[in-house]
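**Student:** Below are the structure tokens for one structure; questions will follow.
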């Protein structure tokens, strides 16, 4: 009787079982395809990014080259560990000098002197600012700190950012100032935490990333999509009003001043935002639109509007107006003497 019932049950359930098996087969195929795509796709340093092409983009007409994929940051090199250790030691020395301040002492003791390393300091600082103290329900501080530590651990971009600010920003007088009070630094690190959630791919993780993006926008008036990639050594000076779109990429050792927009044209979907190469300076109020390439070592002048590719080492001002630093011996001498300001001394526009 049991055997007969068992045979009858299997026959009655066969269509449903077949549908379940077909569904499972489709799910397995989708999983295999996504795994293969993820293994073949380039993932930016220090994050689990969404899949993107690894091919080198060549702009033969202008001579600009799109950046090669970065190495995966699974572990800091000895040089990077030494750099971060030196930064942390200097932070501790500066913190001890002001720990008795009535106004700053408690914060310095909590956020710096009780920390174990640079990542611990930054995680404490960022979580303290992002947490919603009024409710404590959304983005609770303790969970935020854990998420920050997981996202920034073994990411060399963190130490590179601190070093870049200290070396390139004339207003930076201490490591304490950089880590505790520079909102551009805070916005960049918070974006990297949100990027880590975004790249996990689940609906829940993506909404956590969007919540962090929203909080950063509320706090510091900086709006950077979690899917955007920001290279190390980034100086985001003043930072107010910076907008960076979903498919934008910023290379290593770049400088971005306030009110810069890396946006789309409004006419495209998919990969629609600018790609900024290494060692690029984006002046205050610059607007760069569309899936274009700003070449290595280029400068986008203040209030410039850029909708076309910019060659390596060039300067663009106004509306797609290019300035060539090597157009004449006199121009070359001016560039050597005043490398950071020569663009504003040129009469007229010429390539």
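Residue numbers (the numbering used here): 276 to 626.
Just so it is clear, CB atoms sit at the ideal spot from N, CA and C, and this is done for glycine as well.
1. To the nearest angstrom, report how far apart residue 482 and residue 498 are at their CA atoms.
2. Please report the Cβ distance between residue 538 and residue 520, rounded to the nearest whole angstrom; I am assuming they are in contact, meaning their Cβ atoms lie under 8 Å.
3. Closest to residue 548 by CA distance: which of 378, 533, 564 and 382 is it?
4. Assign residue 538 to one of three DSSP states: helix, strand, or coil.
5. Excluding five sequence neighbours on each side, which residues of the same chain lie with their C-beta closer than 6 Å to the C-beta of residue 536?
6. Our contact map puts residue 560 next to residue 534 with C-beta atoms below 8 Å; I'd like the distance itself, whole angstroms only.
7. Going straight from the alpha carbon of residue 362 to that of residue 383, what length do you get?
8. Please report the residue range of the alpha helix (DSSP H) in which residue 383 lies.
9. Around the C-beta of residue 500, are 16 or more other C-beta atoms found within 10 angstroms, so that it is buried, or is it exposed?
10. If you draw a straight line from the alpha carbon of residue 397 to that of residue 592, how long is it in whole angstroms?
11. Using 10 angstroms around the beta-carbon of residue 415, count the other beta-carbons present and answer buried if the total reaches 16, otherwise exposed.
12. With which residues is residue 524 paired in a DSSP beta bridge?
13. By the 10 Å Cβ neighbour count, where 16 or more other Cβ atoms means buried, how is residue 371 classified, buried or exposed?
14. Could you give the first and the last residue of the continuous beta strand (DSSP E) run that contains residue 590?
15. What is the DSSP secondary structure of residue 530, reduced to helix, strand or coil?
16. List the whole-angstrom C-beta distance separating residue 406 from residue 427, where the pair is believed to meet the contact cut-off of C-beta under 8 Å.
17. Which one or two residues does DSSP pair with residue 596 in a beta bridge?
18. Using three-state DSSP, classify residue 511 as helix, strand or coil.
19. So, helix, strand or coil for residue 412, using DSSP?
20. Could you tell me how far apart the beta carbons of residue 394 and residue 433 are, in whole angstroms, since I believe they sit closer than 8 Å?
21. Under a Cβ-count criterion, where at least 16 other Cβ atoms within 10 Å of its own Cβ denotes burial, should residue 557 be classed as buried or exposed?
22. Apart from the five residues on each side of it in sequence, which residues of its chain come closer than 6 Å, Cβ to Cβ, to residue 570?
23. Measuring alpha carbon to alpha carbon, tell me which of 514, 435, 541 and 437 ends up nearest residue 496.
24. Between the Cα of residue 542 and the Cα atoms of 566, 555, 529 and 531, which residue gives the shortest distance?
25. Please report the distance separating the alpha-carbon of residue 455 from that of residue 603.
26. If residue 508 and residue 417 are in contact, beta carbons under 8 Å, what's the gap, nearest whole angstrom?
27. Taking all protein chains shown into account, do 16 or more other C-beta atoms lie within 10 angstroms of the C-beta of residue 335, making it buried, or fewer, making it exposed?
28. So, using beta-carbon positions, are residue 510 and residue 430 closer together than 9 Å?
29. Decide if residue 402 is buried, meaning its Cβ has at least 16 other Cβ atoms within 10 Å, or exposed.
30. Please look up how many angstroms separate the CB atoms of residue 595 and residue 582, rounded, as I've assumed it's under 8 Å.
31. Using only the alpha-carbon positions, how far apart do residue 249 and residue 476 sit?
32. Smallest Cα separation from residue 466: which of 439, 451, 447 and 524?
**Tutor:** Based on what the coordinates show:
1. For the purposes of this step, residue 482 is identified with residue 207 of the chain shown, where counting begins at 1. For the purposes of this step, residue 498 is identified with residue 223 of the chain shown, where counting begins at 1. Approximately 15 Å between the Cα atoms of the pair.
2. In the chain shown, residue 538 corresponds to position 263, counting from 1. In the chain shown, residue 520 corresponds to position 245, counting from 1. That pair is a contact at about 5 Å.
3. Working through the chain shown from its first residue, we reach residue 548 at position 273. Nearest C-alpha to residue 548: 564.
4. Here residue 538 refers to the residue found at position 263 of the chain shown. Reduced to three states, the DSSP call for residue 538 is strand.
5. Within the chain shown, residue 536 is the residue found at index 261, counting from 1. Once the five neighbours on either side are set aside, the close Cβ partners of residue 536 are 518 and 562.
6. The residue you call residue 560 lines up with position 285 of the chain shown. The residue you call residue 534 lines up with position 259 of the chain shown. Indeed, because the Cβ distance is near 5 Å, the residues count as touching under 8 Å.
7. For the purposes of this step, residue 362 is identified with residue 87 of the chain shown, where counting begins at 1. For the purposes of this step, residue 383 is identified with residue 108 of the chain shown, where counting begins at 1. If I take the Cα positions, the gap works out to 16 Å.
8. Locating residue 383 in the chain shown gives position 108, where the first residue counts as 1. That run of the alpha helix (DSSP H) goes 380 to 383.
9. Position 225 of the chain shown, counted from the start, is the residue given in the question as residue 500. Buried, because 16 or more other Cβ atoms sit within 10 Å of the Cβ of residue 500.
10. Sequence index remark: in the chain shown, residue 397 carries index 122 (1-based). Sequence index remark: in the chain shown, residue 592 carries index 317 (1-based). If you take the alpha carbons of residue 397 and residue 592, they lie about 36 Å apart.
11. Here residue 415 refers to the residue found at position 140 when the chain shown is read from its first residue. Its Cβ having fewer than 16 others within 10 Å, residue 415 is exposed.
12. Looking up residue 524 in the chain shown gives position 249. Beta-bridge pairing links residue 524 to 504 and 550.
13. Translated into positions along the chain shown, residue 371 becomes position 96. Per the 10 Å Cβ criterion, exposed.
14. Within the chain shown, the letter at position 315 stands for residue 590. Taken as a continuous stretch (DSSP letters only), the beta strand (DSSP E) holding residue 590 covers 590 to 592.
15. By 1-based counting over the chain shown, the position of residue 530 is 255. Correct three-state label for residue 530: strand.
16. By one-based count along the chain shown, residue 406 stands at place 131. By one-based count along the chain shown, residue 427 stands at place 152. About 17 Å separates the two Cβ atoms, so there is no contact after all.
17. Position 321 of the chain shown, counted from the start, is the residue given in the question as residue 596. Paired residue(s): 592.
18. In the chain shown, counting from the first residue as 1, residue 511 sits at position 236. If DSSP states are grouped into helix, strand and coil, residue 511 belongs with the strands.
19. Along the chain shown, read from residue 1 onward, the residue named residue 412 stands at position 137. Reduced to three states, the DSSP call for residue 412 is coil.
20. Looking up residue 394 in the chain shown gives position 119. Looking up residue 433 in the chain shown gives position 158. Residue 394 to residue 433, Cβ: 7 Å. Contact.
21. In the chain shown, the residue the question calls residue 557 occupies position 282. Burial call: buried.
22. Here residue 570 refers to the residue found at position 295 when the chain shown is read from its first residue. Sequence-distant partners of residue 570 (beyond 5 residues in either direction) whose C-beta falls short of 6 Å from its own C-beta, in its chain, are 339, 552, 585, 586 and 587.
23. Along the chain shown, one-based indexing puts residue 496 at 221. Residue 496 has its Cα closest to that of 514, out of 514, 435, 541 and 437.
24. Sequence index remark: in the chain shown, residue 542 carries index 267 (1-based). The shortest Cα separation from residue 542 among 566, 555, 529 and 531 belongs to 566.
25. Mapped onto the chain shown, residue 455 falls at position 180. Mapped onto the chain shown, residue 603 falls at position 328. About 45 Å.
26. Position 233 of the chain shown, counting from 1, holds the residue named residue 508. Position 142 of the chain shown, counting from 1, holds the residue named residue 417. Their Cβ separation, rounded to whole angstroms, is 31 Å, which puts residue 508 and residue 417 out of contact at 8 Å.
27. Along the chain shown, read from residue 1 onward, the residue named residue 335 stands at position 60. Reliability of the predicted coordinates at residue 335 is poor, the pLDDT of 33 falling under 50, and no value is obtained from them.
28. Locating residue 510 in the chain shown gives position 235, counting from the first residue. Locating residue 430 in the chain shown gives position 155, counting from the first residue. No; because the gap between Cβ atoms is not below 9 Å, this pair is not in contact.
29. Position 127 of the chain shown, counted from the first residue, corresponds to residue 402. Under this definition residue 402 is a buried residue.
30. The residue you call residue 595 lines up with position 320 of the chain shown. The residue you call residue 582 lines up with position 307 of the chain shown. About 6 Å separates the two Cβ atoms, so the contact holds.
31. No information on residue 249 is available, as it lies outside the stretch 276 to 626 that the chain covers here.
32. By one-based count along the chain shown, residue 466 stands at place 191. Of the candidates 439, 451, 447 and 524, the residue whose Cα lies closest to the Cα of residue 466 is 524.
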